[in-house]
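Numbering (this note's numbering), first residue to last: 645 to 1291.
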């Protein structure tokens, strides 16, 4: 700026005020309306009286559950009823509010004009009239009739009743302070199983003893036509039963060898943890091609669902056989010991998931170990599963931008909805990568103590306290570190945070090499992977061209920055032809990948995306690749020691 210009600008300050140009009047900017009063926060007090809850599950043809509640009230005025939003075990706001319909609330034989809260849509304001002592509440839970609407919970032969879907409860109270007496009307020829204690009598419904709301929601009920109840701990002081519900009676057939393996699961778990935190335990297992698959933990039961052939097609159900060990482990890890920020006073207070790499990651670890120790998996099947886990995490290139710790937010972010680019977005990797971290910890402890100790000592000390107690015992990160230091003094905080917070690099594979194995790739899938692919009618080329195929040649997934990605392939496209020949089965693509390994010619694919057809060329010449574990000569097989049954 020159001196003259600076002088002129400075002189502007001496102009008379009236010389300034008038400023236009600014319009008034909008301001937010105040929010309505907050829903009453839960207090640790008892709600007077007992809620009577009756659920009719006989309308299986239309998939409708009809609900009647009689809820005691304390006084006239505004009362808030809540429909559960945060479902324990889902770790996110998955309560199916959209499926609640026909809500009718009455008192003193008059219909009350309830109003939904404008901020918390799971809350219903009810004007309780003078003189009312209770509310009569009726509604329907419209369970999904097909998979398009959600997981199917009712079929002509069985029902999975989750109590959180069929209850409204008073706001302002801890769930443990609300007492509920529940009953279920079902076809008289059916049988039911649940961890709830039954009351005497039938009278058209199965009735249960009064219990707290938190225990009720934690105790799902299976009911069905074809049922088998199997004692898995004969003669034991603490009973454990496997309740199997099937589409057909013949699906219930269990061989003596299968029975022995399921009984060994109980034996090995109790030896591992050194305590039992249930008065009795009931596996609820559905074998169905109609009911939706599920695996959900509960304190004294587990809610499990797999295909019909779990028992009768045993050799092809490898992928299902660690489900029961996983959910059983949750009785200790997740239900008895629970992250403090994941414990909530009722089902409408948000949960926080920062320690899911313990809750789910270590459960994934012990679930697979117990599958091997019990014989539900052979040792080779367990090794193959670990190889697949390690290779899958290596393919998760999303770690370049997103640390594992951040994936613990996934149940809140997307509640397991389908993803466009799974390997780049990451989805709940705290399960599988968490398993690898705990394998790393186990082999480190074994190595440093020359085999005298292992992660099993941590499990015994951390989960095995207060034998017989079913009262949840919360923990924080420092408690995990302290318990690990009790087994082996080490920088466990640094060990864990490095693996949880890192971006980029490799998946945590040190546990494999320290355990005496290395991850390799060959051109032949393992027997376990073949079984999984056959059952799911899919084929996995993740580790070669970078895609997976579903039935009919539909592309199930594409790995970010893989040859398939760089060629422009995308999830949902359909493979029409391979190298100029019509696509009939995955074997043709496998053959093309093999041939390309011996030439410089690209693999040519004709792909249909919606109504568009296009030809893509894959410049890939490294052949088929499938993960396996290979023994490292001269290194102790610590991984074999981990998978060996406890004596």
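Each residue gets a CB set at the ideal place from its N, CA and C atoms; glycine is no exception.
With DSSP as the reference, please indicate the residues paired to residue 1118 in a beta bridge. Sequence index remark: in the chain shown, residue 1118 carries index 474 (1-based). 982.
Tell me the DSSP bridge mates of residue 870? On the chain shown, residue 870 is found 226 positions in, with the first residue counted as 1. The partner list for residue 870 (beta bridge, DSSP) reads 890.
CB contact flag (residue 1238, residue 1268, <9 Å): The residue labelled residue 1238 in the question sits at position 594 within the chain shown. The residue labelled residue 1268 in the question sits at position 624 within the chain shown. Contact: yes.
Close Cβ partners of residue 658 (< 6 Å) along its chain, the five nearest in sequence each way excluded: Looking up residue 658 in the chain shown gives position 14. Reliability fails at residue 658, whose pLDDT of 39 lies under 50, so the model's placement of it is uncertain and the value that follows must be treated cautiously. Listed in chain order, the non-local C-beta contacts of residue 658 below 6 Å within the same chain number zero, local neighbours out to five positions each way being set aside.
Excluding the five sequence neighbours on either side, which residues of its own chain have a C-beta within less than 6 Å of the C-beta of residue 1266, listed in chain order? Taking the chain shown and counting its residues from 1, the one referred to as residue 1266 is at position 622. Here the set comprises nothing.
Mark residue 1197 as exposed unless 16 or more other C-beta atoms lie within 10 angstroms of its C-beta, in which case mark it buried. Taking the chain shown and counting its residues from 1, one reaches residue 1197 at position 553. Residue 1197 is buried by the Cβ-count criterion.
Please state whether DSSP places residue 1272 in a helix, a strand or coil. Here residue 1272 is taken as the residue at index 628 of the chain shown, counted from 1. In the three-state reduction of the DSSP assignment, residue 1272 falls in the strand class.
Any chance you could list the beta strand (DSSP E) runs of at least 3 consecutive residues sitting entirely within the segment 706 to 739, in chain order? With a minimum length of 3 residues, the continuous beta strand (DSSP E) runs that stay inside the segment 706 to 739 are 708 to 716 and 721 to 726.
Let me know the secondary structure DSSP gives residue 954 once reduced to three states. Within the chain shown, numbered from 1, the residue matching residue 954 stands at position 310. Residue 954: helix per DSSP, three-state reduction.
Assuming residue 949 contacts residue 961 under a Cβ cut-off of 8 Å, what Cβ separation, rounded to an integer in Å, is found between them? Within the chain shown, numbered from 1, the residue matching residue 949 stands at position 305. Within the chain shown, numbered from 1, the residue matching residue 961 stands at position 317. Going by Cβ atoms, the distance from residue 949 to residue 961 rounds to 13 Å, so no, they are not a contact pair.
From which residue to which residue does the alpha helix (DSSP H) around residue 905 run? For the purposes of this step, residue 905 is taken as the residue at position 261 of the chain shown. Looking at the DSSP string, the run of the alpha helix (DSSP H) that includes residue 905 is 900 to 917.
In angstroms with no decimal places, state the Cα-to-Cα distance between residue 1082 and residue 770. As a first step, residue 1082 is located in the chain shown; it is residue number 438 there, counting from the start. As a first step, residue 770 is located in the chain shown; it is residue number 126 there, counting from the start. Their backbone Cα atoms lie some 49 Å apart in a straight line.
Do the segment 729 to 747 and the segment 778 to 785 touch if we need at least three Cβ pairs shorter than 8 Å? yes
Rounded C-beta distance between residue 818 and residue 688? I'm assuming under 8 Å. As a first step, residue 818 is located in the chain shown; it is residue number 174 there, counting from the start. As a first step, residue 688 is located in the chain shown; it is residue number 44 there, counting from the start. About 5 Å separates the two Cβ atoms, so the contact holds.
Can you give the Cα-Cα distance for residue 925 and residue 860, rounded to whole angstroms? What you label residue 925 is simply residue 281 of the chain shown in a count that begins at 1. What you label residue 860 is simply residue 216 of the chain shown in a count that begins at 1. Rounded to whole angstroms, residue 925 to residue 860 spans 15 Å at the Cα level.
Whether residue 946 touches residue 974 by CB criterion (9 Å): Mapped onto the chain shown, residue 946 falls at position 302. Mapped onto the chain shown, residue 974 falls at position 330. Their beta carbons are under 9 Å apart, which means residue 946 touches residue 974 by this criterion.
CB residue 991 to CB residue 785, shorter than 9 Å? Within the chain shown, residue 991 is the residue found at index 347, counting from 1. Within the chain shown, residue 785 is the residue found at index 141, counting from 1. Not in contact: residue 991 and residue 785 (Cβ atoms no closer than 9 Å).
Closest by C-alpha distance to residue 935, when choosing among 790, 985 and 1117: Within the chain shown, numbered from 1, the residue matching residue 935 stands at position 291. Among 790, 985 and 1117, the Cα nearest to that of residue 935 belongs to 790.
Residue 941 lies in the beta strand (DSSP E); which residues open and close that run? Numbered from 1 along the chain shown, position 297 holds the residue referred to as residue 941. Per DSSP, residue 941 belongs to the beta strand (DSSP E) from 938 to 941.
Between residue 1057 and residue 1072, what straight-line distance do the alpha-carbon atoms span, to the nearest angstrom? Taking the chain shown and counting its residues from 1, one reaches residue 1057 at position 413. Taking the chain shown and counting its residues from 1, one reaches residue 1072 at position 428. Going by the C-alpha atoms only, they are around 10 Å apart.
Selection from 683, 716 and 811 that minimises the alpha carbon distance to residue 763: Translated into positions along the chain shown, residue 763 becomes position 119. The option with the nearest alpha carbon to residue 763 is 683.
Would you grab the beta carbon distance between residue 701 and residue 830 for me? Rounded to a whole angstrom, and I think it's under 8 Å. By one-based count along the chain shown, residue 701 stands at place 57. By one-based count along the chain shown, residue 830 stands at place 186. Going by Cβ atoms, the distance from residue 701 to residue 830 rounds to 5 Å, so yes, they are a contact pair.
Rounded to whole angstroms, what is the Cα-Cα separation between residue 882 and residue 838? Position 238 of the chain shown holds residue 882. Position 194 of the chain shown holds residue 838. Taking the straight line joining both Cα atoms gives about 16 Å.
Can you tell me whether residue 1031 is buried or exposed, with buried defined as 16 or more other CB within 10 angstroms of its CB? One-based indexing of the chain shown puts residue 1031 at position 387. Buried: at least 16 other Cβ atoms inside 10 Å.
Residue 699 (DSSP reduced to helix, strand or coil): As a first step, residue 699 must be located in the chain shown, where it is residue number 55. If DSSP states are grouped into helix, strand and coil, residue 699 belongs with the strands.
From 997, 1090, 1128 and 1097, residue whose alpha carbon lies closest to that of residue 1075: Position 431 of the chain shown, counting from 1, holds the residue named residue 1075. Nearest Cα to residue 1075 within the set 997, 1090, 1128 and 1097: 997.
Do residue 1204 and residue 1042 have their beta-carbon atoms positioned less than 9 Å apart in this structure? Against the chain shown, residue 1042 aligns to sequence position 398. Against the chain shown, residue 1204 aligns to sequence position 560. It is a contact, given that the beta carbons lie within the stated cut-off.
Could you check whether residue 841 and residue 823 sit closer than 9 Å to each other, using their CB atoms as the reference points? Within the chain shown, numbered from 1, the residue matching residue 823 stands at position 179. Within the chain shown, numbered from 1, the residue matching residue 841 stands at position 197. Not a contact, by the Cβ cut-off of 9 Å.
Through-space distance from residue 759 to residue 913, alpha-carbon basis: Walking along the chain shown from the start, residue 913 turns up at place 269. Walking along the chain shown from the start, residue 759 turns up at place 115. Distance between the alpha carbons of residue 913 and residue 759 is about 49 Å.
Extract the residue ranges of the alpha helix (DSSP H) inside the segment 1134 to 1171, only unbroken runs of 4 or more that lie entirely within it. 1136 to 1145 and 1154 to 1158
Opposing strand residues paired with residue 1006 [DSSP bridges]: Working through the chain shown from its first residue, we reach residue 1006 at position 362. Beta-bridge analysis with DSSP links residue 1006 to no other residue.
Tell me the residue span of the beta strand (DSSP E) that contains residue 927. Position 283 of the chain shown, counted from the first residue, corresponds to residue 927. Start and end: 925 to 931.
When the Cα of residue 959 is compared with those of 901, 871, 1055 and 843, which residue comes out closest? Mapped onto the chain shown, residue 959 falls at position 315. For residue 959, the nearest C-alpha among the options comes from 901.
Does the segment 1111 to 1126 come close enough to the segment 1012 to 1028 to have 3 or more Cβ pairs within less than 8 Å? no
Any idea what DSSP makes of residue 814, helix, strand or coil? Position 170 of the chain shown, counted from the start, is the residue given in the question as residue 814. Of the three classes helix, strand and coil, the one that applies to residue 814 here is strand, per DSSP.
Beta-bridge partners of residue 1218, as assigned by DSSP: Reading the chain shown from its first residue, position 574 is the one you call residue 1218. According to DSSP, which records beta bridges pairwise, residue 1218 is partnered with 1198 and 1252.
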